[in-house]
Amino acid sequence: MAKESTISFPDLLSRVASDLEVGHAEHVRLLCEEYFPEETRLVPNVAPPTAEFLIDVLVSRQLVTETDLSLLVEILVSCQRHQTLEDEVLPFAERKAGELKGSVKQEGPGLKRLSHPKFEKLRRYLELTRPSVYYLYDRYRRRYLQDDTMLDAFCYVLGDTFRRYLVISKTFFHGARNGDCALVERYHELLANVNAKEHDGNTALHMAAAKGHVDVAAKLLSLLADVDITNDFGDTPLHHTGTKGHPEVAKILIEYAAYVNIRNEDDDTPLHCAARTGHASVVAVLCENRALRNPVNKNGDYPLHLATEWDQFFALRELLRHGADANTTNKDQDTALHLAACLGHVAHVERLLCYRANIQAKNKFGKIPIELARNMKASEPENTAHSETIFLLEKAEEDIEQFTPEVESTLHFAAFYGLETLVRNLVLKDRANVNAQGAQKSGDSALHAASLGGHTSCAKILVENDADINIRNKIGDSPLHHAAARGRTDTAFYLIQNGADLDALNEAGETPLHHAGLYGHSHTAALLVQQGADILIQSKVPVPGQR
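Below, the structure is given as structure tokens:
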């Protein structure tokens, strides 16, 4: 029998575990001999992997009796001819799988070894210790347990305990996946491991996050679920909220100290996931909770690139609103504007231009965005999006040349880029002159700029604060001319409703309807006609082909 312990069991176990970590297998053997001489005299060597596994099980379960340590030594004796559990359990499982598939006869060597009395001791021990079954399952699930045949083999080797574990864990995961908080709580008590994983490494918290079950996520976190636990791809529950679009779950995870800038195997942060899938609400939550605006992944892509590439306009808008850099470059030195121009994403081009995207930036092939747009138009002439993109980029070149560096241009700049709060502050607090025309070489007013940018909310602030709705620039264009030329139908409607002259003539004798037709904005043209624009007015500019 074991002699009386001179130190407490937890202390002994701690010493053993510590020695295993630094590889002192001999010290472990001496400790076992000291406290259990009769049981260990048959053990010439303690195989470190086996001891490490069993010690880990006992430590995780906090089995703090000498009976348990005695059982540990008995298992070590049983395993002396088999250096690790991989040498024992996994070959049995593989042979059993082959047997079930008909490739190995029933009287094969696997069954003979399986019935070995010393292995039966190990099997009985595993049947008595639920966490050890979880450990085995978690350790080998990815390599061996992807199909039902291997699961059957493990059930055969490990007995009813493994079957019971599978039933309990599957029910627990089912509750998390389907939002059944009561089921999760009940089966958590049976499972005794809130961080148990499925075959792909997802925990119950991953499932609740992916499905948007706020109550289940909160319950799991209250049961001390690991908020930053990763699956086999390095994704945390917060990555799942970004991919699936559940801002309320994201908020709860962040409340429980989830790391918002954690990365998966592809170096994607949750913000990358939300940007790629277009979940603007999650983008906003992450940015409001200190997410990096410009993280780069393994492919050299920033969230802004992903939002552009996958045509996720609302995600792109949130990123820019929260300070994402419009001029970051990927591994090809492409900015988001390069991608948007190449793909014909007109709304993206427009928004990026509003945030000072560099229209002259060159990628590693020496191309600027407008060159990519022209190349795509040549290869896809039927795609009108490329024509609109080219128009926007050409107009942007003109607009950039027109802006002067004086301080007075601030209101024009804010109106053109739709910075509503800044416009309001400049008008109401700083008493900016809403009809000033000296800030731009063209003589445009702030209302011209808002109309050109299509920012109706900014136009409304200006008009409500005495902006002249029919003010003319140096060539006689009114704000309605600008709205029509850029196809800003909503802004045009607002201007008309507030007294804009439908038939105002510029110096070339052109009306807003001429501008809408010239630039191919059929919806805006239809609005002007519907509101009473004169379709018979002729401009002074000759029509091509006529004399």
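Each residue of the sequence shown is one higher than the one before, counting from 1 in UniProt numbering.
Ideal Cβ positions, reconstructed from N, Cα and C, are used throughout, including at glycine.
Because the structure is a prediction, the values reported are computed rather than measured.
- Where does Ile475 land, buried or exposed, given buried means 16+ other C-beta within 10 angstroms? exposed
- Query: So, is Ser445 buried or exposed, given that buried needs 16 or more other C-beta atoms within 10 angstroms?
  - Reply: buried
- Message: Only counting the same chain, and skipping five residues up and downstream in sequence, which positions put a Cβ closer than 6 Å to that of His246?
- Response: Correct list, in chain order: Gly212.
- Message: Tell me which residue opens and which closes the alpha helix (DSSP H) that Arg321 is part of.
- Response: Phe313 to Arg321
- Message: Counting C-beta neighbours from all protein chains within 10 Å, is the total for Ala257 16 or more, i.e. buried, or is it exposed?
- Response: exposed
- Query: With a CB to CB cut of under 6 Å and the five nearest residues on each side skipped, what residues in its chain are close to Leu69?
  - Reply: The predicted model places Leu69 with a pLDDT of 45, which falls under 50 and marks its position as unreliable, so this point remains unresolved.
- Task: Just the C-alpha distance for Ala315 and Ile461, rounded to the nearest angstrom, thanks.
- Result: One alpha carbon belongs to Ala315, the other to Ile461, and they sit about 26 Å apart.
- Message: Our contact map puts Gln312 next to Ala361 with C-beta atoms below 8 Å; I'd like the distance itself, whole angstroms only.
- Response: With a Cβ gap of about 21 Å, Gln312 and Ala361 do not count as contacting.
- Message: Relative to the C-alpha of Ala347, which candidate in Ile390, Pro381, Lys298 and Asn473 has its C-alpha closest?
- Response: Ile390
- Cβ neighbours of Asp332 in the same chain (closer than 7 Å, five flanking residues each side left out): Asn363 and Lys364
- Item | Ala196 CB to nearest heavy atom of the ligand FAD below 8 Å | Looking at this structure, you won't find the ligand FAD or any other ligand, since it has none at all.
- Query: Hey, out of Arg488, Ser451 and Ser539, whose CA is closest to Asn473's CA?
  - Reply: With distances taken between CA atoms, Asn473 lies nearest to Ser451 out of Arg488, Ser451 and Ser539.
- Query: At which residues does the alpha helix (DSSP H) containing Glu255 begin and terminate?
  - Reply: Pro247 to Glu255
- Just the Cα atoms here: how many angstroms apart are Thr435 and Leu339? Before going on, a small fix: residue 435 reads as Asn here, not Thr. Going from the Cα of Asn435 to the Cα of Leu339 covers about 37 Å.
- Under the rule that 16 or more other beta-carbon atoms within 10 Å means buried, what is Pro381, buried or exposed? exposed
- Alpha carbon to alpha carbon, how far is Thr203 from Pro131? Give it in angstroms, no decimals. A caution first: Pro131 carries a pLDDT of 39, below 50, which makes its placement in the model too unreliable to give a value.
- Classification of Leu527 by the beta-carbon crowding that lies within 10 angstroms, buried from 16 upward: buried
- Message: Using only CA atoms, which one of Ile469, Glu464, Ala432 and Ser457 lies nearest to His448?
- Response: Ile469
- Please determine, among Gly520, His521, Val463 and Pro512, the residue with the shortest C-alpha to C-alpha distance to Ile535. Pro512
- Query: For Arg177, which residues of its own chain have a beta-carbon under 7 Å away from its beta-carbon, when the five flanking residues on both sides are left out?
  - Reply: Met207 and Lys211
- Leu183 lies in the alpha helix (DSSP H); which residues open and close that run? Cys181 to Leu191
- Message: With H, G and I counted as helix, E and B as strand and the rest as coil, what does DSSP make of Lys244?
- Response: Three-state DSSP puts Lys244 in a helix.
- Query: Short check: CB of Thr456 to CB of Ala432, under 9 Å?
  - Reply: no
- Query: Out of curiosity, what's the CA-to-CA distance linking Asp477 and Ala485?
  - Reply: 10 Å
- Item | Same chain only: Cβ atoms within 7 Å of Glu255, ignoring 5 sequence neighbours per side | none
- Task: Would you kindly check if the distance between the Cβ of His481 and the Cβ of Ala459 is under 9 Å?
- Result: no
- Message: From the DSSP secondary-structure annotation, give me the bridge partner or partners of Lys197.
- Response: Thr203
- Task: Could you have a look at residue 584 and say whether DSSP puts it in helix, strand or coil?
- Result: This structure cannot speak to residue 584, because the chain is shown only from 1 to 547.
- Relative to the C-alpha of Glu189, which residue among His199, Leu220, Gly201 and Gly499 is closest? Leu220
- Among residues of its own chain, excluding the 5 on either side of His305, which ones have a beta-carbon nearer than 7 Å to its beta-carbon? Asn330, Ala336 and Leu339
- In its own chain, which residues sit with a C-beta less than 8 Å from the C-beta of Ala225, not counting the 5 before and 5 after it? Val194, Asn195, Thr203, Ala204 and Leu205
- Task: Compare the C-alpha of Thr241 against each of His174, Ala284, Ile471 and Val423 and name the closest.
- Result: Comparing alpha carbon positions, the residue from His174, Ala284, Ile471 and Val423 closest to Thr241 is Ala284.
- Message: Just to confirm, is the Cβ distance from Arg290 to Asn261 under 9 Å?
- Response: yes
- Query: What is the DSSP secondary structure of Arg293, reduced to helix, strand or coil?
  - Reply: Of the three classes helix, strand and coil, the one that applies to Arg293 here is coil, per DSSP.
- Query: Ordered along the chain, which non-local residues of its own chain (more than five positions away) have a Cβ less than 6 Å from that of Gln538?
  - Reply: Excluding positions up to five away in sequence, the list is empty.
- Query: Starting from Ser522 and walking both ways along the alpha helix (DSSP H), at which residues does that stretch end?
  - Reply: Ser522 to Gln530
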